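Residues 568 to 1213 (our numbering) are what the sequence shown spells out, left to right. Contents: one structure, followed by commentary.
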Amino acid sequence: MTKRDEKVIQVFSRTYLGLWTLVRIMWIGGTIVCGLYMMFVYLLPLIGLIQQPPVPLKLTVEVIVCAIPILSGGLLTSERIRNDELSVLIDEKFLVIQLDRHVVVTCVLELASVPSSIVVDPGKKPRYNAAMLLALRASLDSRVTMAYEVGVEKGEPFLRLFITASGKNLVEIKGILKREATRTEAILLASLNGVEVQQLGEDKLRGATGIAHCMDSSRKPSAMTHDDGMLQSLTFISGIPRVAPSIDASQVGTFISTAIKQRYSVTLTCVFSSAKAGRERKRMEGEWKNIRAKELRNEDSLTDHANKRKLLDQHERMQGDSGWFDNSVYVLAKAKDTAELERVTNGVNGLIASIWGGEGNISLKKREIRGRTACRLITRRHFKRQKIHVSSLVGYVNTPVQQLPVIAATVAPVFPVPLRELIDNELIIGKTIYGGRRISDIGIKSEWLREHVAVLGATGTGKTNLVKKLMLELSLKTDVPWWVFDIKGSEYADLAGWDSDILILSPGKDASFVMDLLDTEIDSSEVDAHATFAILRELINERGLSSELSPAMEKLLRESVMELAKSRRKTKSVQALNQIISKLAGTDRFGNMTRDALLNRLEILSREPLGSILKGGAKALKISSLLNKRVVFDMRHVARVGGMDA
568 MTKRDEKVIQ VFSRTYLGLW TLVRIMWIGG TIVCGLYMMF VYLLPLIGLI QQPPVPLKLT
628 VEVIVCAIPI LSGGLLTSER IRNDELSVLI DEKFLVIQLD RHVVVTCVLE LASVPSSIVV
688 DPGKKPRYNA AMLLALRASL DSRVTMAYEV GVEKGEPFLR LFITASGKNL VEIKGILKRE
748 ATRTEAILLA SLNGVEVQQL GEDKLRGATG IAHCMDSSRK PSAMTHDDGM LQSLTFISGI
808 PRVAPSIDAS QVGTFISTAI KQRYSVTLTC VFSSAKAGRE RKRMEGEWKN IRAKELRNED
868 SLTDHANKRK LLDQHERMQG DSGWFDNSVY VLAKAKDTAE LERVTNGVNG LIASIWGGEG
928 NISLKKREIR GRTACRLITR RHFKRQKIHV SSLVGYVNTP VQQLPVIAAT VAPVFPVPLR
988 ELIDNELIIG KTIYGGRRIS DIGIKSEWLR EHVAVLGATG TGKTNLVKKL MLELSLKTDV
1048 PWWVFDIKGS EYADLAGWDS DILILSPGKD ASFVMDLLDT EIDSSEVDAH ATFAILRELI
1108 NERGLSSELS PAMEKLLRES VMELAKSRRK TKSVQALNQI ISKLAGTDRF GNMTRDALLN
1168 RLEILSREPL GSILKGGAKA LKISSLLNKR VVFDMRHVAR VGGMDA
């Protein structure tokens, strides 16, 4: 850089700073002038100390006097926001967001094995246990807010508690959060018997808060993205929620279970902090006095009596000032595209209205996610606050009764740890875990697989993963060949990425996949012919009573398959079998009837997709060539075109 360039930069810097100094002077001077104008033109004449002075072009003067401090103040504010440096980082188990000298720190507690928070007293209606919320409120630092967040992410439900504090001293704020996290964990363990509480750190903390990358101070707010790249929709919920616990379900449990069934990716966040009753109690007292005044004048109505009963119920629930909170509630829906996002948002809004709504007591308002809104979403801080009593807040802060994966409290079965000599084998299929600790690998011997093996379990319990693991272990550690028939076509194809010798064949889709009914390269023995006959007979009988073979048809089919096995034909396809059936059936009336009935039942082998697969020919695939190989048969085309019959 030349001296001339440096001089130009210095002149520009002085000019830039001089302009903003002028704007700052205009703001200070304009504010003083505006205050003096209001005092001498309006305030002092109003109280009678002086007479109102005449002001020529009064409207124009007032517009100028008011506009100067407003515009200059707006410019100064925008410049400060533009120059503010935002840094986001993970420090131990804390998310730290720093903006100039102001710092916001958040930690996250994840809950698992959560018992129900519904209490059923003898002879009374079910109710939510509010003791946990009252305990959290007691001694809560004024700089701390908490957020109870529930939802479903990638098909899995979760319950989390965010604790956030803000201030200017990072060390002090972290100390406050450590103390609050310890206190909160103790309250959760005491209030929810058997609950598992884990404080998230590093990657899990980043994922829970929605940060894709840990950013340094040079990154701007626009650099903050979500790691899944999905579109998001933010909706605020205001008003007093309906509180409706039942023996079989909680409101949060209903929200989560419905979201799982509908395959929504959604989170519901309830931010709360301690507050005083303030105007809410005064409002109730004012309404009560108005109703009492109407009663004394005999002007009360049925509506007044209903409101009176409602006020009495509210007062009974809200005795004292210890149960009041500041509260913000919002829901965040995610989807891959705009159309899907709109569908999910509408569905979630309807779900919220049905669970917590009623008689117009809550309202939903959509809001764009930008700038400081995104920062508040990350740290789970208040947006527009509203006062709410603990008797209503429990409608949002409760735990599921329903048995939900991961978060539900279930009694895990306990099995004895097997002896090491029984499980210390070459094919590793899992691990032994006892008391939450991994003890050893579980392995089986390859010779055990010579027997029949059944893998049983409900949907989603890992049957396919176990079989894939077993096939992979066989491929990497033994020479044992295997075949897998993949009906869905998408579950076992990735095995080829681990072993280049694994073949992926697609019958019906790949035109080169053609085979004979019987192998032409080997002398088909009577055993092979009988096995083929048995398969064809079972295939026909499985289609129902109307398709079962008569004794005459069964005899003709057996003889035809035996003849095909003994023949020296170059192809032993389905068409060749049909020709032999027509030849052996005879020409009399009974033979023709038997032939036609049998060919009609074998018609499934001639139509698509099996017809193109079993047509044989010179280029037909020899099954014998695959006997010593590892093959995944992608059967999705056969299943899609031919249905269950194929």
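From the three backbone atoms N, C-alpha and C, an ideal C-beta is built for every residue, glycine too. The model shown is predicted, which means the values in this text are computed figures rather than measured ones.
Extent of the continuous alpha helix (DSSP H) run through THR1099: 1093-1108
With TRP891 as the anchor, note down where its beta strand (DSSP E) starts and where it stops. 891-902
Looking only at its chain, what residues have a beta carbon closer than 8 angstroms to the beta carbon of LEU1043, apart from the 5 residues adjacent to it on each side? TRP1065, ASP1066
Nearest to ALA1078 (by Cα), restricted to the options ARG704, LYS1186, TYR831, LEU1085: LYS1186
Output the distance between the C-alpha atoms of VAL600 and PRO808, rounded to the nearest integer angstrom. 48 angstroms
Going by DSSP, name the residue or residues bridged to GLU677. ARG727, GLN765
Along the alpha helix (DSSP H) that carries PHE1080, what are the first and last residues, could you check? No alpha helix (DSSP H) holds PHE1080; DSSP gives it neither H nor E.
Hey, would you say MET525 sits closer than 7 angstroms to LYS877, going by beta carbons? Nothing about residue 525 can be read from this structure; the chain reaches only from 568 to 1213.
Less than 7 angstroms between the beta carbons of ARG704 and SER841, yes or no? yes
On the CB-based measure, 16 or more other CB atoms within 10 Å of its CB, does ASN928 come out buried or exposed? exposed
How would you call GLY597, buried or exposed, if buried means at least 16 neighbouring beta carbons within 10 angstroms? buried
Identify, in the order they occur along the chain, each residue of the same chain with its Cβ nearer than 8 angstroms to the Cβ of PRO682, setting aside the five sequence neighbours on each side. LEU759, ASN760, GLY761, VAL762, THR966, ALA976
ALA1101 versus GLU1040: straight-line alpha-carbon distance, rounded: 34 angstroms
Once the 5 residues before and after LEU1166 are set aside, which same chain residues still bring their CB inside 8 angstroms of it? ASN1145, ILE1148, SER1149
Compare the C-alpha of TYR604 against each of VAL622, LEU1123, ARG591 and name the closest. VAL622
MET1202 (DSSP reduced to helix, strand or coil): coil
Run the CB neighbour count on TYR695, radius 10 Å, all protein chains shown included, and call it buried at 16 or more, exposed below. buried
Report yes or no: do the stretch 822-834 and the stretch 946-964 share at least 3 C-beta pairs separated by less than 8 angstroms? no
Since LEU666 is in the beta strand (DSSP E), which residue starts that stretch and which ends it? 661-666
Compute every distance between the C-beta of LEU589 and the non-hydrogen atoms of the ligand FAD, then say whether any falls below 6 angstroms. Absent from the structure shown: the ligand FAD. Ligands present: none.
Are there 16 or more other CB atoms within 10 angstroms of the CB of VAL819, so buried, or fewer, so exposed? buried
Just to confirm, are GLY1158 and ALA1152 a CB contact at a threshold of 7 angstroms? yes
Following the continuous alpha helix (DSSP H) through GLN618, name the residue where it begins and the one where it ends. Run containing GLN618: none; DSSP gives neither H nor E here.
Chain-order list of residues whose beta-carbon lies under 8 angstroms from that of LEU1116 (same chain, five-residue window excluded): ARG1104, ILE1107, ASN1108, LEU1124, LEU1165, ARG1168
Do the CB positions of MET713 and PHE839 come within less than 7 angstroms of each other? yes
Any idea if LYS901 is buried or exposed, counting beta-carbon neighbours within 10 angstroms, 16 or more meaning buried? buried
Limits of the unbroken alpha helix (DSSP H) element including ALA714: Segment 711-720 is the beta strand (DSSP E) holding ALA714; no alpha helix (DSSP H) there.
Within the continuous alpha helix (DSSP H) that includes TRP923, where are the two ends? 905-923
Can you tell me whether DSSP reads ASP871 as helix, strand or coil? helix
Integer-rounded CB distance, given that VAL675 should sit under 8 angstroms from VAL833: Not confirmed; about 18 angstroms, so no contact.
Please determine, among LYS692, LEU755, GLY742, the residue with the shortest C-alpha to C-alpha distance to LEU701. LEU755
Within 8 angstroms, do at least three Cβ pairs link the stretch 657-668 to the stretch 763-773? yes
Beta-carbon within less than 7 angstroms of PRO636's beta-carbon, same chain only, minus the 5 sequence neighbours each way: which residues are those? TRP594, GLY597, THR598, CYS601
Would you identify the three-state DSSP class for ALA779, choosing helix, strand or coil? Note that ALA779 has pLDDT 46, beneath the 50 cutoff, so the model's placement of it is unreliable and the number below is only indicative. Three-state DSSP puts ALA779 in coil, outside helix and strand.
ILE955 versus VAL628, LEU1023, PHE892, residue with shortest Cα-Cα distance: PHE892
Using a Cβ-Cβ cutoff of less than 6 angstroms, which residues in the same chain neighbour ARG786 once the five nearest sequence positions on both sides are dropped? The predicted position of ARG786 is uncertain, since its pLDDT is 39 and thus under 50; a value taken from the coordinates is nonetheless stated next. Here the set comprises nothing.
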